[in-house]
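Counting from 1, position 255 in the sequence shown corresponds to residue 273 in our numbering; the numbering is continuous, with no gaps. Backbone N, C-alpha and C fix where the C-beta goes; we use that ideal spot for every residue, glycine too.
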Amino acid sequence: MVPRKPLREVSTLLQQIEIKEYCSIVVFFQSQGGDNADLNRHFGFDPMQVDDMILSHGHIDHSGNITQLVRRGFSGPIYCTKATFDLCSIMLEDSAHIQENDLNYLNKKRERNGQKKLDPLYTLEDVIEALKLFVPVDMNENVEIDKHIRFHFTDAGHILGSAAVNLEIEEPDKTIKVFFSGDTGRFNDYILKAPQPFPQADYIITESTYGDRLHEDVENTELELLKVVHQTCILNKGKLIIPAFSLGRTQEVVYALNRLFNQGLLEKIPVYVDSPLAISATSIMRKHKESFNPEILEYMKKDDDPFGFETLHYIRDVELSKELNEKAEPCIIISASGMMEAGRVKHHLKTILLMQKHSAHRWIRPSRIFRRSNDKRRKGS
Ligand SMILES: [Zn+2]
Numbered sequence: 019m020v021p022r023k024p025l026r027e028v029s030t031l032l033q034q035i036e037i038k039e040y041c042s043i044v045v046f047f048q049s050q051g052g053d054n055a056d057l058n059r060h061f062g063f064d065p066m067q068v069d070d071m072i073l074s075h076g077h078i079d080h081s082g083n084i085t086q087l088v089r090r091g092f093s094g095p096i097y098c099t100k101a102t103f104d105l106c107s108i109m110l111e112d113s114a115h116i117q118e119n120d121l122n123y124l125n126k127k128r129e130r131n132g133q134k135k136l137d138p139l140y141t142l143e144d145v146i147e148a149l150k151l152f153v154p155v156d157m158n159e160n161v162e163i164d165k166h167i168r169f170h171f172t173d174a175g176h177i178l179g180s181a182a183v184n185l186e187i188e189e190p191d192k193t194i195k196v197f198f199s200g201d202t203g204r205f206n207d208y209i210l211k212a213p214q215p216f217p218q219a220d221y222i223i224t225e226s227t228y229g230d231r232l233h234e235d236v237e238n239t240e241l242e243l244l245k246v247v248h249q250t251c252i253l254n255k256g257k258l259i260i261p262a263f264s265l266g267r268t269q270e271v272v273y274a275l276n277r278l279f280n281q282g283l284l285e286k287i288p289v290y291v292d293s294p295l296a297i298s299a300t301s302i303m304r305k306h307k308e309s310f311n312p313e314i315l316e317y318m319k320k321d322d323d324p325f326g327f328e329t330l331h332y333i334r335d336v337e338l339s340k341e342l343n344e345k346a347e348p349c350i351i352i353s354a355s356g357m358m359e360a361g362r363v364k365h366h367l368k369t370i371l372l373m374q375k376h377s378a379h380r381w382i383r384p385s386r387i388f389r390r391s392n393d394k395r396r397k398g399s
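Spelled out as structure tokens, the structure:
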């Protein structure tokens with residue numbers, strides 16, 4: 019087994035393991051758009067020589083460039099968890115629209131400067147072709163890539179469906195175990211399960227971005243949100259805009275509001291999730307309860323939909339989204355700026371900037387245990 023070409027650039031990681039004995043190559047793959055366009059277009063290997071791919075999770079900086087790899091000749095299976103497949107189905111499409119749109123803008127600029135136009139990194143057609151190669155498997159299911167190579171996913175608790183990869187390679191005299199962490203989540207995430215322990219490994223490949231950050235605790239974050247809602251919507255009779263990523267943050271904010279609503283703490287003001295991508299992501303989240311932590315599962319015994327309550331409305335239609343800007347009454351709008359949203363949050367923010375009674379609130383991801391242990395550590399040091 020030869021770990022080949024670990025290429026580390028800012029925010030870009032590409033890891034490839036070549037198993038020479040059996041002429042099989044496994045690639046763990048990441049990409050970044052924008053300034054890294056050149057890196058995305060030059061893999062440093064021939065995609066046609068890659069046999070299999072294992073995808074850790076659906077974030078676009080990990081999954082986006084799969085589409086180009088397929089376009090350039092990769093035709094093997096792409097293993098991922100079932101939730102990751104569901105998420106990639108909506109997120110890659112959104113990303114393809116963003117790529118095409120970004121390029122239209124860039125090409126206009128290039129044309130003005132007399133430069134050659136660039137081709138899109140990938141298109142919707144590339145996404146459709148790539149998705150055909152996905153092989154969704156269960157978390158912890160043993161998957162045989164061939165008779166000498168197998169792996170299973172363990173839950174990484176980072177986003178819905180995120181997984182670490184436990185790879186076993188049989189060589190004539192021994193079995194080599196390789197663990198690849200992917201992005202790792204928190205041990206007490208607001209919605210998701212904690213990262214699962216993984217079996218003993220001979221080699222560990224891991225990521226550690228944000229390893230030194232402290233996290234807010236759940237109750238403080240909920241009460242902070244409630245305070246802002248009260249000040250903006252009740253006292254000022256304004257609109258509260260909460261910009262939130264379509265996957266993860268949006269569902270956390272909705273769940274927090276749901277909890278406050280059920281406790282009778284949230285006043286009966288309309289709440290809108292104004293983001294088609296977030297609506298699709300929420301449906302996928304509802305479908306994959308196997309990824310939820312014990313607290314939310316316990317909560318769901320009393321309220322089977324933590325992402326829905328009486329005053330909550332999901333807005334897909336663009337006309338209804340525009341109408342939200344016209345409305346004068348107080349409300350909460352949770353919105354994002356992805357391509358499927360066509361920058362909806364920007365329009366809402368524009369309207370609130372005109373009047374002081376409105377406000378925007380940044381949702382900080384809460385976590386329970388980390389704060390307590392950090393507090394203890396501070397006291398002890
Ligand atoms: Zn990630």
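Proximity test, residue i beta-carbon vs ligand 1 heavy atom, cut-off 7 Å
| i | result |
| --- | --- |
| I259 | no |
| I116 | no |
| N177 | Residue 177 is actually Ile in this sequence, not Asn. At least one heavy atom of ligand 1 is nearer than 7 Å to the Cβ of I177, so yes. |
| D112 | no |
| D207 | no |
| H366 | no |
| D201 | yes |
| H306 | no |
| H80 | yes |
| H75 | yes |
Residue i, enclosing beta strand (DSSP E) - first and last residue
| i | result |
| --- | --- |
| F171 | I167 to D173 |
| A296 | Premise fails: A296 lies in the alpha helix (DSSP H), P294 to K305, not in any beta strand (DSSP E). |
| L338 | Counting along the chain, L338 falls outside any beta strand (DSSP E), though it belongs to the alpha helix (DSSP H) covering V336 to E344. |
| Y221 | Y221 to I223 |
Chain-order list of residues whose beta-carbon lies under 7 Å from that of residue i (same chain, five-residue window excluded)
| i | result |
| --- | --- |
| I177 | H75, G76, H77, L265 and G266 |
| R90 | P65 |
| I209 | Q269, E270, Y273, F310, N311 and I314 |
| L283 | L244 |
| R277 | E240 |
| G203 | A174, G175, H176, S180, L210 and P213 |
| Y140 | T85, Q86, R89, A114 and Q117 |
| I287 | C251, T329, P348, C349 and I350 |
Beta bridge counterpart(s) of residue i as assigned by DSSP
| i | result |
| --- | --- |
| V183 | F171 and F198 |
| E162 | R168 |
| F152 | I96 |
| F310 | L210 |
| C349 | K257 |
| L330 | V289 |
| T193 | E188 |
| S377 | L258 |
Contact check, residue i vs residue j, beta carbons under 8 Å
| i | j | result |
| --- | --- | --- |
| V291 | I352 | yes |
| I84 | L295 | no |
| I187 | H166 | yes |
| P324 | Y317 | yes |
| E118 | P138 | yes |
| S339 | T250 | no |
| K104 | I302 | The identity of residue 104 in the sequence shown is Asp, whereas the question assumes Lys. The answer is yes: Cβ separation under 8 Å. |
| N122 | L136 | no |
| N343 | H366 | yes |
| T102 | L142 | no |
Neighbourhood of residue i by C-beta, 6 Å cutoff - its chain only, sequence neighbours within 5 removed
| i | result |
| --- | --- |
| L330 | V289 |
| D173 | M157, K211 and Q214 |
| S180 | H75 and A174 |
| L185 | F169 and V196 |
| R380 | none |
| C106 | G76 and S81 |
| Y221 | V196 |
N- and C-terminal bounds of the alpha helix (DSSP H) containing residue i
| i | result |
| --- | --- |
| L178 | Careful: L178 lies outside any alpha helix (DSSP H) and carries neither H nor E. |
| H80 | I78 to S81 |
| I84 | I84 to R89 |
| Q281 | Looking at the DSSP string, Q281 is not in any alpha helix (DSSP H), and its letter there is neither H nor E. |
Same chain, Cβ closer than 8 Å to residue i, neighbours up to 5 away in sequence not counted
| i | result |
| --- | --- |
| V155 | Y97, C98, T99, K100, V161 and F171 |
| E159 | H170 and F171 |
| R304 | D323 and F325 |
| A354 | P261, A262, F263, S264, T268, S293, L295, A296, R362 and V363 |
| D144 | T85, Q86, V88, R89 and A114 |
| E285 | V247, H248, C251 and I252 |
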